[in-house]
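K.L.:
Residue numbers (my numbering): 1 to 83.
Glycine included, every Cβ here is placed at the ideal spot set by N, Cα and C.
1) Please look up how many angstroms separate the CB atoms of residue 14 and residue 81, rounded, as I've assumed it's under 8 Å.
2) Give the single residue among 61, 77, 55 and 66 whose Cα lies nearest to the Cα of residue 9.
3) In whole angstroms, what separates the C-alpha of residue 56 from that of residue 68?
4) Please list the terminal residues of the continuous alpha helix (DSSP H) segment that includes residue 32.
5) In its own chain, which residues sit with a C-beta less than 6 Å from the C-beta of residue 32, not counting the 5 before and 5 after it?
6) Would the beta-carbon of residue 20 fall within 8 Å of that of residue 74?
7) CA-CA distance, residue 46 and residue 35?
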């Protein structure tokens, strides 16, 4: 799965944005991780002590996370989502 990792607009976090249009399977992700919060469009997860906001359209937002770690988590989440 190809994606771009970049600072979010506020520069307080990083975001991974898929190169292609996707729709994530929240059921599959929620079965693997225990969501801290869930809405029809967003899941909030704690992955290896990193808060990750997962948007249904594929964007991932990482708070307080180094770029290398965010890239590793994004690669894993996209793979686990079947992408």
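P.N.:
Put simply:
1) At roughly 18 Å, the Cβ-Cβ gap does not stay under 8 Å, so residue 14 and residue 81 are not in contact.
2) 61
3) 23 Å
4) 26-32
5) Within the same chain, Cβ atoms closer than 6 Å to the Cβ of residue 32 are found at 80, the five residues on either side in sequence being excluded.
6) no
7) So the two alpha carbons sit approximately 7 Å from each other.
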